[in-house]
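Everything in the sequence shown is counted per this note's numbering, starting at 126 for the first residue and increasing by one. Worksheet: one structure, shown below.
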Amino acid sequence: MSETSPAARPQQDTPYVPTARTVPTRSRERASYDRELVHSILDEGYLCHLGFLRDGAPVVLPTLYTRVGERLYIHGSTGSRPLRAAGEADPGIAVCLTVTHVDGLVLARSAFHHSINYRSVVVHGTARQVTDTEERRTALDAIVEQAVPGRSHDSRRANAKELAATAVVRLDLDEVSAKVRAGGPNDEPEDLALPYWSGVVPVSKGYGTPIASDDLDPAITLPDYLDRH
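Below you can see the structure in the form of structure tokens.
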């Protein structure tokens with residue numbers, strides 16, 4: 126799998142360099158370019174939103190992703206127009222990718238100051254289609270593993286026909302920023318005496334009990350990596 130050489134790979138404690146596209150116009154104090162924070166937010170999720178221009182109009186698609194070092198791999202179909210464009214002779218396709226985790230609903234005494242606690246990452250760059258067979262296989266395994274840790278070793282890998290129908294694009298982590306909102310409501314001093322409840326309603330990701338498929342052999346028990354959820 127092609128990847129940046131260890132010597133060229135940035136150190137974990139080296140922050141990303143802010144650019145005109147990664148500096149927010151509002152709430153700049155919530156922005157961060159800390160590499161470890163960015164990685165932790167990306168590694169906690171598996172669903173991203175990929176934005177691009179199609180025929181001059183903005184399009185945003187939800188899709189699966191994974192992080193491998195300083196690179197994101199994004200899953201898609203070979204029939205997808207943006208993913209086809211990423212593989213054409215020109216240098217890929219300009220994209221904006223976002224990942225967001227909601228941690229709480231912030232309820233203030235005034236409607237204006239209601240908010241959410243969140244952690245988000247925004248990545249700007251050029252997405253390019255992965256054509257190397259081994260890199261694509263490894264990326265697809267990593268995408269499965271990011272969504273369900275342990276699953277890539279407990280399922281059949283894609284065959285040649287399935288690989289031909291699956292597109293993988295990569296996006297280097299060059300222009301990157303994180304943004305975090307935490308804490309309670311920011312009520313106005315004159316509103317503190319109002320008779321309304323204020324505070325934070327925590328939001329957490331959860332998993333239900335796995336449901337076996339109807340045609341599953343009863344002798345096949347629930348694997349440990351699913352039982353932990």
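Beta carbons: idealized from backbone N, C-alpha and C, even for Gly.
Presumed contact (8 Å Cβ cut-off) between residue i and residue j, rounded CB distance
i: G201; j: A292; result: 4 Å
i: R234; j: D316; result: 4 Å
i: A252; j: G217; result: 5 Å
i: S323; j: L230; result: Between L230 and S323 the Cβ distance is about 11 Å, and since that is not below 8 Å, they are no contact.
Exposed unless 16 or more other CB atoms sit within 10 angstroms - verdict on residue i
i: S302; result: buried
i: T258; result: exposed
i: I336; result: exposed
i: R244; result: buried
i: V220; result: buried
i: Y332; result: exposed
i: R160; result: buried
i: L347; result: exposed
i: V142; result: exposed
i: N242; result: buried
i: A133; result: Confidence at A133 is low in this model, with a pLDDT of 46, below 50, so the placement of that residue should be treated as unreliable; the coordinate-derived value is given next. Per the 10 Å Cβ criterion, exposed.
Contacting residues, own chain, Cβ-Cβ under 8 Å from residue i (five flanking each side not counted)
i: S280; result: V269
i: L178; result: V184, A219
i: P274; result: Y350
i: P310; result: V231, L232, A233, R234, H238, H239, S240, S323, G324, V325
i: A283; result: R262, L265, T291
i: A272; result: Y171, L189
i: S338; result: none
Beta-carbon contacts of residue i that lie in its chain and below 7 Å, excluding the five residues immediately before and after
i: L167; result: R192, V224, V246
i: P187; result: L172, H174
i: A267; result: T191, V193, Y198
i: S277; result: D266, V269, E270
i: H226; result: I166, E169, G170, Y243, R244
i: P149; result: A156, K304
Among the options, nearest to residue i - alpha-carbon criterion
i: S152; options: A182, A307, V142, D228; result: A307
i: T147; options: P310, Y198, H249; result: H249
i: V305; options: P327, Y321, R155; result: R155
i: P320; options: L265, D312, D266; result: D312
i: D228; options: V255, S329, D339, A318; result: S329
i: E195; options: V326, A318, L347, L298; result: L298
i: L351; options: L232, T334, I345; result: T334
i: H239; options: A145, V326, L162; result: V326
i: L288; options: T263, V273, G309; result: T263
i: G176; options: D138, G275, L222; result: L222
i: T139; options: A145, P149, H164, T150; result: H164
i: T256; options: A285, K286, V294, A236; result: V294
Cβ shell of residue i (< 6 Å), same chain only, five flanking positions each side left out
i: L197; result: Y190, L296
i: S157; result: A303
i: A145; result: none
Checklist entry - In the stretch 148 to 201, which residue ranges form an unbroken beta strand (DSSP E) of at least 3 residues, counting only runs that do not cross its ends? => result Runs of the beta strand (DSSP E) inside the stretch 148 to 201: 172 to 179, 182 to 193.
Checklist entry - In the stretch 280 to 312, which residue ranges form an unbroken beta strand (DSSP E) of at least 3 residues, counting only runs that do not cross its ends? => result Within the stretch 280 to 312, the complete beta strand (DSSP E) runs of at least 3 residues are 291 to 297, 300 to 306.
Checklist entry - Along the chain, which unbroken stretches of the beta strand (DSSP E) at least 3 residues long are found entirely within the stretch 238 to 282? => result For the stretch 238 to 282, whole beta strand (DSSP E) runs of length 3 or above, ordered along the chain, are 240 to 254.
Next on the checklist: As an exercise, report each continuous beta strand (DSSP E) stretch of at least 3 residues that is fully enclosed by the stretch 317 to 346, in chain order.
Outcome noted: The qualifying runs are 324 to 327.
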